[in-house]
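Numbering (this note's numbering), first residue to last: 226 to 348.
Below: the structure, in structure tokens.
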Amino acid sequence: MCIVFWDRRGILLVEFLPRGNTINAVRYCETLRKLRSAIQNKRRGMLSQGSVLSHDNARPNFAGVTQNLIQQFGLEQFDHPPYSPNLTPSDYHLFLNLKRDFGGRRFDSSGCLHWRHLSLKRV
């Protein structure tokens, strides 16, 4: 599984999870801490200006521990409504670019994808 956080200027964080792993609230919080660090390193001042986190309505995103961490980081949330017919920004921007770069290709292992994620920086 590949987790990608991005903003209008490009990719902020790409994280690969081992095959078969799922995301729970604790794991999502670890990822959010990495995201915060990535924002601090790549987008100086962005957190102090106010940032909006847009994510889906998966259970780990709305667990109490996750909500507390998001509030502690000072992030505003923009939640995609459940069962919405509207596409999320990732559906029409990020995934289109991934399909262009990776479409029709087969990879022998997930390890082959790790170095390919560098092409995501163009998104």
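Glycine included, each C-beta is placed from N, C-alpha and C at the ideal position.
- Around Leu300, the same chain offers Ser276 and Leu278 as residues with beta carbons nearer than 6 Å, after the five sequence neighbours per side are excluded.
- Taking 7 Å as the cut-off, the Cβ atoms of Thr291 and Ala263 do not count as close.
- Secondary structure at Leu300: strand, using DSSP grouped into helix, strand and coil.
- Burial of Arg261 is indicated by the presence of at least 16 other C-beta atoms within 10 angstroms of its C-beta.
- The C-beta separation of Val239 from Cys254 comes to about 18 Å, leaving the pair out of contact by the 8 Å criterion.
- Taking the C-beta atoms as reference points, Leu294 is found nearer than 7 Å to Leu257.
- For Ile264, there is no enclosing beta strand (DSSP E); the residue is part of the alpha helix (DSSP H) that begins and ends at Ala250 to Lys267.
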